[in-house]
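Each number in this note's numbering comes from the position in the sequence shown (counting from 1) with 34 added on.
Every residue gets a Cβ at the ideal spot worked out from N, C-alpha and C, and that includes glycine.
Values in this document were obtained by computation on a predicted structure and should not be read as measured data.
So the structure is just underneath, and the comments pick up after that.
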Amino acid sequence: MKSLPKAKKVKKVLKKHNDLRIDNYYWLRDDTRKNKAVLNYLKTERAYHDDWIKTQTFISNKYFKKLKGYIPTRDETLKIERDGFFYFSESLKKNEYRKYYRSKKRNSKKELILDINKLAKNKKFYQVSGVSPSKDNQLLAYAEDINGRREYTIKVKNLNSGENLSDKISGTDGQFIWSKNSKNIIYIKRDRTTLTSNQVFLHTIGSSQKSDILLFEETDPQFHCSLGISRDKEYGFIYSSQTNANEVQFFSLNNPTKLKLILKRKKKHKYYVDIFNNAFYVMTNMGGQDNFSLKYCDLSVCHQFQKWKTVLKESKKRYLLDFEIFKNHILLDVRENGLPRILKINIKNRTHEYIKFDEPCYDVSLAGNHNPKADYFCFAYSSLNKPETVYKESLISGRRSIIWKSKIKCETKSLKVERLSLKSRDNTKVPASLVYKDNGTPLHKKPVLFYGYGSYGHIIDANFRSSIVPLLEENFIFVLAHIRGGSEMGKHWYENGRMHKKKNTFYDFIDVTQGCLKKGFGDKDNVFAMGGSAGGLLMGAIANEAPELYKGILAAVPFMDVVTTMLDESIPLTTFEYDEWGNPNNKKDYDYMKSYSPYDNLSNLPYPNILVTSSLFDSQVQYYEPAKYVAKLRDLSTSNNKVLFRINLIGGHGGLSGKTAVLKETSEDFTFFISLVDS
35 MKSLPKAKKV KKVLKKHNDL RIDNYYWLRD DTRKNKAVLN YLKTERAYHD
85 DWIKTQTFIS NKYFKKLKGY IPTRDETLKI ERDGFFYFSE SLKKNEYRKY
135 YRSKKRNSKK ELILDINKLA KNKKFYQVSG VSPSKDNQLL AYAEDINGRR
185 EYTIKVKNLN SGENLSDKIS GTDGQFIWSK NSKNIIYIKR DRTTLTSNQV
235 FLHTIGSSQK SDILLFEETD PQFHCSLGIS RDKEYGFIYS SQTNANEVQF
285 FSLNNPTKLK LILKRKKKHK YYVDIFNNAF YVMTNMGGQD NFSLKYCDLS
335 VCHQFQKWKT VLKESKKRYL LDFEIFKNHI LLDVRENGLP RILKINIKNR
385 THEYIKFDEP CYDVSLAGNH NPKADYFCFA YSSLNKPETV YKESLISGRR
435 SIIWKSKIKC ETKSLKVERL SLKSRDNTKV PASLVYKDNG TPLHKKPVLF
485 YGYGSYGHII DANFRSSIVP LLEENFIFVL AHIRGGSEMG KHWYENGRMH
535 KKKNTFYDFI DVTQGCLKKG FGDKDNVFAM GGSAGGLLMG AIANEAPELY
585 KGILAAVPFM DVVTTMLDES IPLTTFEYDE WGNPNNKKDY DYMKSYSPYD
635 NLSNLPYPNI LVTSSLFDSQ VQYYEPAKYV AKLRDLSTSN NKVLFRINLI
685 GGHGGLSGKT AVLKETSEDF TFFISLVDS
């Protein structure tokens, strides 16, 4: 093994609210990403990790081979009909990236319209977002990222000639929609410093980006913009949103320059809209409703809240997530008792019924419903032991059939799924979803890996994950902890895991771990944990709170230095997140954040084995947060356990691009856990 990297200490005093913090590794921040001293240190960290992984070649190669073996020779996505063509993509086992196709009929000859493999050739990183044909099917727009920073350039291809047009729209966040006449693209540009999506422009095909028209600019740094399109494809939407408030403007796709505001932003009011047949539909929490209600009115009075009529009342037991309008029905993605469900409402008589699913835990959502006039709807279903399947179900008879099924080639029949309800320290019942191989080994003797996130209201559902199947074959139990900070149990679940209740997220995860062990799920001497991004913050917090509980922790692209980051408005995405973590310019927020910030709370403790990952161009969590954390952790830990840092010198928040690189990194992640069992 190479010698252990040791970062130099350069004392920097950080002062706020008469409180002093010493950061000896602040020098690792280099916004240019060109400082030789910083890059050389990162290279030594990467070399140290790579030297360690070489000692585990047997495990990592075996894991990689299994993952690669799961990939089907040819895998085609569900075909979606748009304006007279069926559009879909295909992945071949021999290729690194997808190819995009279209055909005039569902099963007629396919036409290649975009080959990502060719675009990515000779590039160290390449990612495409938002592949979208124009309304007249003559042009194809796509957004490309060449370093992982998520600063996309939109390009346009002529589908008749196969050549790209001169249009290059740079500095975007990858979101865009076409005008109805196929002559314009509406897109969002990011602030160059903060990377906040704050400007909406109209681009005319064939013109220079310099002549693009600014449609809207968000001036509040705590809000960001996103785009949507109506169910009838007649209107576009501009959302300005923060954690608990938003406002929506709409415009005709025939005339994108005229914006109409629906309701002004108001504290603690969020609403999501759609338009169909000149009727306006809205999912809203106006009036303090935690879980949203569904309303409608005539489009001409959509800006008058008093004119909104109720379709579905708010319920404390039912959390509305999304909806799709059909000619005579409305379908909703909802949650009840911590599980996803689909609710069908008959518009004419207002009767409603739930689509039934039998497993104890699963993932289901509406999918592929591009035709609002159809007499059927489609949904995607999977569970921890069932790969994804897309079903088509009649809106009239309820008859169901399979229209698409994952071709992934892994054995899942011996995998058993369970769902537990476990008490947190404040007597809150926290759900957990488990999967393991039912092979006769007593459950209390199996190593166990816990996964959690618990931020932004993001829901972690029990969907199929091929990446963990080899781990289950190594006798592991895999547990999803549905902790507070997500929205698994409704809006209150999120509210009780953010701001000054953030510690509930960490306590829930630790208590789920202990609760599973008490019920006989997992060997107490082989307990592991993993999480990424805000889930990486979770990993840092549990390492400080309960280092003795875990044998190994993987913190992927982790948000570790909460206070310093949230005090610096120049760091990408910071101000937008004040309503998630707090604004440390306020002393109460500062004190609370400092009390759990993983970097600030590192101390002389016997830390477990820890693997940290990051990428130099990560736009969500800047590379220097995990880099500083690793340096300080090594300095303070009283144990002799491993501290590894896999830093990519290219790539972003999701790591590297390309199928092989992704599988390789996944194999290394799980090799870390397997190598520690009984060690």
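Point to revise | Contact set for L650: own chain, Cβ-Cβ below 6 Å, skip 5 residues either direction | key: Taking L650 as the centre and dropping the five residues before and after it, the same chain places the C-beta of R67, Y657, L683 closer than 6 Å to its C-beta, in chain order.
Check your understanding: According to DSSP, which residues form a beta bridge with G520?
Key -> Beta-bridge analysis with DSSP links G520 to G491, R518.
Review point. Can you tell me where the beta strand (DSSP E) with N289 in it begins and where it stops?
Key: First-last of the beta strand (DSSP E) with N289: 289-295.
Review point. Should K81 be labelled buried (16 or more other beta-carbon atoms within 10 Å of its own) or exposed?
Key: The amino acid occupying residue 81 in the given sequence is Ala; Lys does not appear at that position. Counting the other CB atoms within 10 Å of its CB gives A81 a total below 16, which places it among the exposed residues.
Point to revise | Other residues of its chain near R55: CB distance less than 6 Å, five sequence neighbours each side excluded | key: Closer than 6 Å at Cβ, skipping near neighbours: L48.
Check your understanding: From this set, L456, A577, G569, E579, which residue's C-alpha is nearest K552's C-alpha?
Key -> Relative to the Cα of K552, the nearest Cα in the group L456, A577, G569, E579 belongs to L456.
Review point. CB I714 to CB I708, shorter than 7 Å?
Key: Residue coverage of the chain in this structure runs from 35 to 713, which leaves residue 714 outside it and unanswerable.
**Study point:** Nearest-angstrom Cα separation, counted from Y630 out to K537
**Key:** Straight-line Cα distance between these residues: approximately 7 Å.
Check your understanding: Looking only at DSSP bridge pairs, what is V677 linked to?
Key -> Answer is I644.
Check your understanding: What are the boundary residues of the alpha helix (DSSP H) that P504 is part of?
Key -> DSSP places P504 inside the alpha helix (DSSP H), whose first and last residues are 503-507.
Exercise for review: Please check the pair L229 and P606, which I expect to be a contact at CB under 8 Å, by giving their CB distance rounded to whole angstroms.
Suggested key: Yes, they are in contact, since the Cβ atoms of L229 and P606 sit about 4 Å apart, within 8 Å.
Review point. Do you know how far the Cα of H516 is from the Cα of F484?
Key: So the two alpha carbons sit approximately 11 Å from each other.
Exercise for review: Express the C-alpha separation of L126 and T107 in angstroms, rounding to a whole number.
Suggested key: So the two alpha carbons sit approximately 6 Å from each other.
**Study point:** Local Cβ density within 10 Å of D84, reported as buried at 16 or more and exposed below that
**Key:** Exposed is the call here.
Review point. Whose C-beta lies closer than 7 Å to the C-beta of K621 among residues of the same chain, with five residues either side of it excluded?
Key: Hits under 7 Å: H51.
Point to revise | Supposed contact pair Y490 and G574 - C-beta distance, whole angstroms, cut 8 Å | key: About 17 Å separates the beta carbon of G574 from that of Y490, a gap too long to meet the 8 Å contact definition.
**Study point:** Cβ distance (whole Å) where F413 is taken to contact A401 below 8 Å
**Key:** The Cβ separation is near 6 Å, so the contact holds.
Review point. Using the beta-carbon count (16 or more within 10 Å), is H534 buried or exposed?
Key: Classification of H534: exposed, given that the 10 Å Cβ count is below 16.
Review point. Anyone know if the C-beta pair for G488 and G519 falls short of 7 Å?
Key: Cβ distance < 7 Å, so G488 and G519 count as in contact.
Review point. Just reading off the alpha helix (DSSP H) that V696 is part of, what are its end residues?
Key: Taken as a continuous stretch (DSSP letters only), the alpha helix (DSSP H) holding V696 covers 693-710.
Review point. Tell me the DSSP bridge mates of Q161?
Key: Paired residue(s): D179.
Check your understanding: Around the Cβ of L430, are there at least 16 other Cβ atoms within 10 angstroms (buried) or fewer (exposed)?
Key -> As written in the sequence, residue 430 is Ile, which differs from the Leu given in the question. So I430 ends up on the exposed side.
**Study point:** Unbroken stretches of the beta strand (DSSP E), 3 residues or longer, contained in the region 524-603
**Key:** Entirely contained in the region 524-603, the beta strand (DSSP E) runs reaching 3 residues are, in chain order, 561-566, 586-590.
Point to revise | Close Cβ partners of N675 (< 7 Å) along its chain, the five nearest in sequence each way excluded | key: Take N675, set aside five residues on each side of it, and the residues of its chain with a beta-carbon closer than 7 Å to its own are Y641, P642, N643, in chain order.
Exercise for review: Go ahead and label L670 buried or exposed: buried means 16 or more other beta carbons lie within 10 angstroms of its beta carbon, across all protein chains shown.
Suggested key: The residue is exposed, with fewer than 16 neighbouring Cβ atoms inside 10 Å.
Practice item. Could you round the C-beta distance between I379 and Y388 to whole angstroms and report it? I think they count as a contact, below 8 Å. Key: Not a contact, Cβ separation roughly 11 Å.
Review point. Beta strand (DSSP E) containing A313: first to last residue?
Key: 313-318 is the span of the beta strand (DSSP E), which, as asked, contains A313.
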